[in-house]
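Residue numbers for the sequence shown, in mature numbering (1 follows the signal peptide of the UniProt record, and there is no 0): -22 to -1, 1 to 456.
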Amino acid sequence: MVKRKKFISMIMAVSLLGGVLAGCSSNSGNSASGDNKTTPTAQADSKNEERTLKMMTGVIGGKTPEENVKFEKEIERLTGIKVTMDKPASDYDQKLLASIASGEKYDLLQVSKERMNTLIDQGVLTPLTDQVKASKVLSDPSVIPTDEWDQVKTKDGQIYGVFTKYQGGTMPIVRKDWLDKLNLPEPKTLDDYYNVLKAFTEQDPDGNGKKDTYGLSTAGMYELQGFFSAAGLKQRYVETADGKLDVPYSTDAAIPVYEWLNKLYKEGILDPNFATNDTGKMRNMFLSDRVGMITYWDAWVGMLNNTRKGQDPQTTFEAKGLPGAADANGNYMLRRGDPDVWVIPANAEHPKTAFEFIEWWNTQDGIMLGSLGIKDEDYTMDNGKYVLTQTGKEHASDHGVPFWYNSNVEAPFGKLPGVQEAQDLVNKYATLELTPPNWSEAEKIINEYSFKAIMGEMPAADAVKKMREELKAKKLID
């Protein structure tokens, strides 16, 4: 089996474990309308603790540092918990690890499942299994479906993280209005995708009389699952029939897909800056009529449509999710993203209050804060109905929770255009990835040789061979 290498530094583990040694319900919180309600079980558990929390988040919170302060105050208004929220503007994982390694203590962290697995290996997280089972909120299948917990359970059935939101999936997103303008059918095979992307590059879909568009843009190798679907290949790791771990993108079956991507690059169909793009640059190209297809999250289908509609109510712009490229048997394979979770460090100073917050986050008021945002900042109430402010419209009902599990909580304004169709594709064709703790080390090798293959710096077959050799040499695959 692949050795489970630990890429968090020893100083981080020592700091956290040293801190541990040294330090050795179905009702929501206060409602948006001001009515006081309680979470009896959690508050009874936390009554002997100071009701204060220090947390670090990546996407949850205000959109600006100033709004983040208001977000903290809104949590206190709704729950009575005084919160200090660190929300780095960039490089979240690096800053998270650096802060913890320096000895800072947090009560709550928002992390990916991949990061959670690493922290579990380090022995620095609090197991939450018993608390989840005893929670009237979290054990309710209408709040979080029972089967969904399998995503975050360890092999021995323990739970260390609780969902921050419903995590969707990724897919190719196309300018449907460009397809219609050029009388092109929606692509189904890699050949179909080539023809569509070539037309987007050469047939002036934006109508400005200039050859200034690309067929496809990506943020590096980010979310190319929809194209590797043509070869039936899963992103990241898979477990083989004999129990070994492998990376499908490093197999010979991936060579034709790399050659297809190289063809796009050579012919100027693929954005030449794809390898250095971040997701913001990629999205901006799509929104500014410079590219006809990107690879991104289902939720962004709606946000892209909403953004352009907000800029120009008469726009013909239409983003649409696609199922990717079918394999020889007509099957599609999309990626469902690893969930983001709340975790409680083992050296947290207010662990009971932290769990109370986690329960509240999955109730009506917590969900509305994570989606709509802050009362009187992002929305107001009019006769019991939510009304978005201009700021709220700009924030697109996403303060870290665009979608949620709790089926008892309805979205006040429904879903944005195109989102439901995209989510239906994810639910039909997407499965979770296998992300061992050593993924980030493997990813560097995969990206290095994938870029060389796509940009023609090495023949695809040679790049795949070298990729596989390095993964094996570093014991990242069996």
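Idealized CB from N, CA, C, for every residue including glycine.
DSSP state of residue i, grouped into three classes?
i, result
"residue 148", "strand"
"residue 442", "helix"
"residue 369", "helix"
"residue 64", "strand"
"residue 38", "coil"
"residue 268", "coil"
"residue 14", "Note that residue 14 has pLDDT 37, beneath the 50 cutoff, so the model's placement of it is unreliable and no number is given."
"residue 458", "With the chain running from -22 to 456 in the structure shown, residue 458 is simply not present."
"residue 412", "strand"
"residue 157", "helix"
"residue 96", "helix"
"residue 449", "helix"
"residue 454", "coil"
"residue 248", "strand"
By the DSSP assignment, the alpha helix (DSSP H) with residue i in it spans what residues?
i, result
"residue 233", "233 to 244"
"residue 263", "257 to 265"
"residue 281", "277 to 289"
"residue 214", "From DSSP, residue 214 is part of no alpha helix (DSSP H); its letter is neither H nor E."
"residue 47", "43 to 57"
"residue 191", "Counting along the chain, residue 191 falls outside any alpha helix (DSSP H), and DSSP gives it neither H nor E."
"residue 312", "Residue 312 -> not in any alpha helix (DSSP H); beta strand (DSSP E) instead, spanning 312 to 314."
"residue 71", "70 to 79"
"residue 166", "First-last for residue 166: undefined, no H or E at that position."
"residue 349", "342 to 349"
"residue 253", "Run containing residue 253: none; DSSP gives neither H nor E here."
"residue 423", "417 to 432"
Compare the Cα-Cα distances from residue i to each of the options and report the closest residue.
i, options, result
"residue 354", "237, 365, 345 and 208", "365"
"residue 207", "149, 438, 448 and 455", "149"
"residue 38", "448, 436 and 351", "351"
"residue 200", "376, 422 and 306", "422"
"residue 454", "425, 436 and 417", "417"
"residue 374", "362, 361 and 390", "390"
"residue 426", "404, 298, 291 and 227", "227"
"residue 139", "95, 264 and 123", "95"
"residue 446", "164, 105 and 424", "424"
"residue 179", "267, 114, 169 and 87", "267"
"residue 381", "344, 254, 160 and 194", "344"
"residue 184", "160, 83, 194 and 171", "160"
"residue 190", "361, 270 and 142", "270"
"residue 448", "93, 53 and 229", "229"
"residue 62", "249, 83 and 291", "83"
"residue 323", "310, 77, 195 and 69", "77"
With respect to the beta strand (DSSP E) encompassing residue i, which residues constitute its N-terminal and C-terminal limits?
i, result
"residue 141", "139 to 141"
"residue 458", "Nothing can be reported for residue 458, as the shown portion of the chain is limited to -22 through 456."
"residue 513", "A query on residue 513 cannot be resolved here, the shown segment of the chain reaching from -22 to 456 and no further."
"residue 318", "318 to 321"
"residue 297", "297 to 299"
"residue 34", "30 to 34"
"residue 90", "86 to 90"
By the 10 Å Cβ neighbour count, where 16 or more other Cβ atoms means buried, how is residue i classified, buried or exposed?
i, result
"residue 232", "buried"
"residue 359", "exposed"
"residue 349", "buried"
"residue 21", "Confidence in residue 21 is poor, its pLDDT being 49 and thus under 50, which makes the residue's placement unreliable; the coordinate value appears in the next sentence. Buried, by the Cβ-count rule."
"residue 219", "exposed"
"residue 307", "exposed"
"residue 217", "exposed"
"residue 47", "exposed"
"residue 401", "buried"
"residue 135", "exposed"
"residue 36", "buried"
"residue 43", "exposed"
Look at residue i and residue j and say whether their C-beta atoms are less than 7 Å apart.
i, j, result
"residue 335", "residue 109", "no"
"residue 342", "residue 387", "yes"
"residue 215", "residue 223", "yes"
"residue 408", "residue 147", "yes"
"residue 326", "residue 85", "yes"
"residue 393", "residue 296", "no"
"residue 175", "residue 272", "no"
"residue 57", "residue 275", "no"
"residue 331", "residue 29", "yes"
"residue 395", "residue 283", "yes"
"residue 197", "residue 260", "yes"
"residue 192", "residue 433", "no"
"residue 305", "residue 370", "no"
"residue 121", "residue 321", "no"
"residue 34", "residue 74", "yes"
"residue 303", "residue 168", "yes"
"residue 137", "residue 131", "yes"
"residue 59", "residue 31", "yes"
"residue 404", "residue 312", "yes"
Taking 6 Å as the cut-off, is the beta-carbon of residue i closer than that to any non-hydrogen atom of the ligand FMN?
i, result
"residue 229", "No copy of the ligand FMN occurs in the structure displayed, which carries no ligand at all."
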